Amino acid sequence: MEQIARSIDIGFGTLSCVTDLQNGLPTVETMPAIVSRKHSNDSLAVANYTSANMVFNIDGQLVEVGKDIGLTSGTDVCRDLSSSYVESLQYKALFTAGLNLMNLPDNRVDILVGGLPVERMSEKKALEHYMQGQHKVGDRLITVERAIVIAQPLAGLLCYAQQDGGERMNHLMRNQCVLGVDPGFLTFDWCVLNRGKPVDSMSGSNEFGLSKVIDAVSSVIKQAFSVSSVPSIAIEDALRTGSLRMFGKQYPFPICSGEQHDVSFDATTAIQSVCDMAMTDLKSQIGNGSGVDLIAQMGGPASLYSPALQRAFPRHQLSMAKNSLQAVVIGMQIFANNELSKQLRAVAS
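Going by UniProt numbering, the first residue of the sequence shown is number 1, and it counts up by one from there.
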């Protein structure tokens, strides 16, 4: 029976999971980390493929998860940003969705690797306990034989180190001090590897993730349009695409001139101020970075924070992980593959 390793990265902004390996390369699915509560008597099994979404029963509550959640969710949306996130309905629903997407011929995962922000690594054992064991996924029962949780920025560094082959991995792990920077939806995380070993005293996180940027931009947009609220998803899309959609119209973002449009705004200062605040704690631990050989960025919002990171460390040339949005889950898969290889060698010896 084939041994299977998989990875799943459940963040506050997105869910990413490795669903399969094709010729040794991971197939990754990514979707918004948003859960919609359903109030109908729909089937309790995986259902409702009128969109790219899935419906599950989680602790007696029907929930919908998927790529099209923004199109079908309505107003009863769960996006839990509390300190008990990993115990929440949202987390359980996203974990179930991730398992459902994985290609598991025997409904079994031998090693499943997940992740946490640096500041939440105290929850590592509790999350591993939750992930490991049997899980009802629609009409299937999926068994996770062994679960491992690692720090998300560490996983991103593993992806970066291996993206151009083993030579870079060997060089980084043997010779260099590397700073990995991973801005997420709720937290801004970083970790340091010195010759391949994590340096906890130089790793950490703060609260200045993408959600703080969205809050700051929201204030600017509300004032410009004279409205009391702005959908956060509209600002997320604007930050990603450079175009803000409001009232059925498209506005250039982050700067909109009133000469060609019915409003004017400039959100650049709001964005920069949050990104600069994210660097304060980082610099207090890293200092001027003179002992750091390389700074690698990963995570969906990484490019948004790049200017502030460059201002914080002007003497460094910044590097970006390929496919930064999925770099963390790919790094987790690298870790999972290595652990599975160790396990198989131990059995064979």
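Note that beta-carbon positions come from the ideal geometry of N, C-alpha and C, so glycine has one too.
None of these values were measured; they are calculated from a predicted model.
Could you give the DSSP three-state label for Gly331: helix, strand or coil? Gly331: helix per DSSP, three-state reduction.
Is the beta carbon of Ile8 closer than 8 Å to that of Val329? yes
Reducing DSSP to helix, strand and coil, say where Arg195 ends up. coil
Burial state of His129 (16 or more Cβ within 10 Å): exposed
Along the alpha helix (DSSP H) that carries Arg311, what are the first and last residues, could you check? Per DSSP, Arg311 belongs to the alpha helix (DSSP H) from Ala302 to Ala312.
If distances are taken between C-alpha atoms only, which option among Pro117, Pro32, Ala97 and Val144 comes closest to Asp106? Val144
Leaving aside the five residues before and after Gly11 along the sequence, list all residues of the same chain whose C-beta is less than 7 Å from its C-beta, in chain order. Ala33, Gly184 and Phe185
Within the continuous alpha helix (DSSP H) that includes Pro153, where are the two ends? Gln152 to Gln162
Our contact map puts Leu94 next to Leu15 with C-beta atoms below 8 Å; I'd like the distance itself, whole angstroms only. With a Cβ gap of about 5 Å, Leu94 and Leu15 count as contacting.
Between Arg6, Val149 and Leu179, which lies nearest to Gln317 when the distance is taken from Cα to Cα? Leu179
Opposite Met246 in the DSSP bridges: which residues? Lys249
C-alpha gap between Arg140 and Gln333, whole angstroms: 23 Å
Nearest to Leu193 by CA position, among Ser324, Ser205, Phe208 and Asn175, is which residue? Asn175
Does DSSP classify Gly98 as helix, strand or coil? helix
Is Thr280 close to chain C? Criterion is C-beta to C-beta, closer than 8 Å. Annotation note: the requested chain C is absent from the structure, which comprises a single protein chain.
Suppose the cutoff is 7 Å on Cβ atoms and the five residues either side in sequence are ignored; what does the same chain contact list for Gln163 look like? Ala321 and Lys322
If Ser219 sits next to Ala270, beta carbons under 8 Å apart, how far is it from one beta carbon to the other, in whole angstroms? Confirmed, Cβ separation roughly 7 Å.
Could you have a look at His261 and say whether DSSP puts it in helix, strand or coil? coil
Where does Phe247 land, buried or exposed, given buried means 16+ other C-beta within 10 angstroms? exposed
Hey, would you say Ala296 sits closer than 8 Å to Tyr160, going by beta carbons? yes
CA-CA distance, Cys17 and Asn288? Straight-line Cα distance between these residues: approximately 36 Å.
To test your reading of the DSSP string, which unbroken alpha helix (DSSP H) runs of 4 or more residues are found completely within the stretch 193-232? 210-225
Can you find the residues in the same chain that come closer than 6 Å, C-beta to C-beta, to Ala147, ignoring five residues on each side of it along the sequence? Leu112, Glu128, Met131 and Gln132
At which residues does the alpha helix (DSSP H) containing His135 begin and terminate? Run containing His135: none in the alpha helix (DSSP H); it sits in the beta strand (DSSP E), Gly133 to Val137.
Closest by CA to Ser232, which one among Lys38, Gln223, Ala216 and Asn338? Checking every option, the nearest Cα to that of Ser232 belongs to Ala216.
May I ask you to verify whether the stretch 269-284 touches the stretch 305-317, counting CB pairs closer than 8 Å and requiring at least 3? yes
Beta-bridge pairing of Glu64 - partner residues as DSSP gives them: Ser36 and Val55
Under DSSP, the alpha helix (DSSP H) around Ser7 begins and ends at which residues? Careful: Ser7 lies outside any alpha helix (DSSP H), inside the beta strand (DSSP E) at Ala5 to Ile10.
Where DSSP assigns a beta bridge to Val18, which residues make up the other side? BP columns for Val18 point to Val28.
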